[in-house]
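Undergrad:
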Amino acid sequence: MADNVTPRVRVPRSAAAGEVITIKTLISHIMESGQRKDGDGNVIPRSIINTFSCDFNGQNVILVNLDAAISANPYFEFDAVVPEAGEFTFTWNDDDGSVYTDTKAIEIA
Amino acid sequence: MNISRRATLALGGGAALAALLPLPSFADANDDAIAAFTGGADMADSGLTITAPEIAENGNTVPIEVAAPGAVSIMIIATGNPNPGVCTFNFGPLAGSQHAVTRMRLARTQDVIAVAKMADGSFAKATATIKVTIGGCGG
């Protein structure tokens, strides 16, 4: 399991019904690409976050399939429609089977 | 020194043959990645924009933004990396726009290609050439 994996998400606290908002997400993860070698010359195996998804009240906003070329501490910025008050759920899936999640509630102004 | 006509012809023929031999290239992996996404369909030149720096000072983290109004998904590949795949954005029903920003690793100066799959099943392609001063693949 990767160490110290901390998700950080920026979502506006409120929005008008039907408004499009911008969401920014960051997660601290080394994203070991599988290209590096350790001191003995052995290849350090790939261990990255391979999927990120954002859902709102059970409906999908975006699903990202990541490859090793995504930088360490993967950052994503995207737009979402807010039809009603509710909760955004963010999910990151790691190669090693770990799943990291975060949630953010939003109100209708 | 006199080279005989026979020797010259043999030399010329050999050179022509060598030129025809297939050179190893990264193009195959890139073409495979695109074909897997599009199923071999044609790609339009417009409808998809890539915003990325012309010169990336740090190959470990190169910002890239893609936008394709009406797209269902957008795939990004880095043609000069050991593995071309960067990521694929799949927009769901609550996506506010077909636009996304992320940061990627580039091993060296190369073309980054984005392919968008539109809602009507067509595809669009855009290319950005990014110069990299310090490569980002940890090699």
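Top to bottom, those sequences are chains S and W.
My numbering applies: residue 12 is where the first sequence begins, and numbers increase by one.
My numbering applies: residue 469 is where the second sequence begins, and numbers increase by one.
Quick reminder that beta carbons are idealized off the backbone N, C-alpha and C, glycines included.
Within the chosen definition, does the region 36-49 of chain S reach the region 526-537 of chain W through at least 3 CB pairs nearer than 8 Å?
TA: Segments in contact, no.
Undergrad: By a C-beta neighbour count over all protein chains shown, 10 Å radius and 16 as the cutoff for buried, is V110/S buried or exposed?
TA: Flag for V110/S reads exposed.
Undergrad: Counting C-beta neighbours from all protein chains within 10 Å, is the total for S58/S 16 or more, i.e. buried, or is it exposed?
TA: Its Cβ being crowded by 16 or more others within 10 Å, S58/S is buried.
Undergrad: If we define contact as Cβ-Cβ less than 8 Å, is L562/W a contact residue for chain S?
TA: So yes, L562/W belongs to the interface.
Undergrad: Please list the terminal residues of the continuous beta strand (DSSP E) segment that includes N122/S.
TA: For chain S, the structure presents residues 12 to 120; residue 122/S sits outside this window and is missing.
Undergrad: Are there 16 or more other CB atoms within 10 angstroms of the CB of K125/S, so buried, or fewer, so exposed?
TA: With chain S running from 12 to 120 in the structure shown, residue 125/S is simply not present.
Undergrad: In whole angstroms, what separates the C-alpha of A587/W from that of A478/W?
TA: Those two C-alpha atoms are separated by around 57 Å.
Undergrad: Is A80/S helix, strand or coil by DSSP?
TA: Coil, per DSSP.
Undergrad: Taking contact to mean 3 or more Cβ pairs, one atom from each stretch, closer than 8 Å, check whether the region 68-76 of chain S and the region 112-119 of chain S are in contact.
TA: These segments do not touch.
Undergrad: By Cβ distance below 6 Å, which residues in the same chain neighbour W103/S in space, the five residues on each side in sequence not counted?
TA: Here the set comprises I38, I60, F63, Y111.
Undergrad: If you pair each beta-carbon of the region 547-556 of chain W with each one of the region 508-522 of chain W, do three or more pairs fall below 8 Å?
TA: No, because fewer than three Cβ pairs between the region 547-556 of chain W and the region 508-522 of chain W fall closer than 8 Å, the two stretches do not touch.
Undergrad: Assess contact between the region 498-505 of chain W and the region 570-587 of chain W, defined as three or more Cβ pairs (one per stretch) separated by less than 8 Å. Is contact present?
TA: They touch, by the three-pair rule.
Undergrad: Would you tell me roughly how many angstroms separate the C-alpha atoms of I55/S and T519/W, rounded to the nearest one?
TA: If I take the Cα positions, the gap works out to 32 Å.
Undergrad: Can you tell which of T547/W, A475/W, A497/W has the C-alpha that lies nearest to the C-alpha of M572/W?
TA: Comparing Cα-Cα distances from M572/W to each of T547/W, A475/W, A497/W, the minimum goes to T547/W.
Undergrad: By DSSP's criteria, T608/W is part of a beta bridge. Which residues make up the other side?
TA: Residue 608/W lies beyond the stretch modelled for chain W, which goes from 469 to 607, so this question has no answer here.
Undergrad: Which chain S residues are close to N528/W, counting only those with a beta carbon under 8 Å from its beta carbon?
TA: Per Cβ cutoff of 8 Å: S82, A83.
Undergrad: Between the region 26-33 of chain S and the region 80-95 of chain S, do at least 3 Cβ pairs fall closer than 8 Å?
TA: Short answer: they touch.
Undergrad: Using beta carbons (cut-off 8 Å, strictly below), is G507/W in contact with chain S?
TA: Not one chain S Cβ lies under 8 Å of G507/W.
Undergrad: Using only alpha-carbon positions, find the residue among P94/S, D107/S, D14/S, F101/S that is nearest to A26/S.
TA: Among P94/S, D107/S, D14/S, F101/S, the Cα nearest to that of A26/S belongs to P94/S.
Undergrad: At what residue ranges does the region 15-56 of chain S contain a whole run of the beta strand (DSSP E), taking only runs of 3 or more?
TA: List check, beta strand (DSSP E) in window: 18-21, 30-38.
Undergrad: Where V75/S and N526/W are concerned, what is the direct C-alpha to C-alpha distance, given to the nearest angstrom?
TA: Straight-line Cα distance between these residues: approximately 24 Å.
Undergrad: Mind listing the chain S neighbours of S514/W? Cutoff is C-beta to C-beta under 9 Å, in chain order.
TA: By Cβ distance, chain S contributes nothing, its closest Cβ being about 21 Å from S514/W, past 9 Å.
Undergrad: Mapping DSSP to helix, strand and coil, what is P492/W?
TA: No answer about P492/W holds up, because its pLDDT of 47 lies below 50 and its placement is not dependable.
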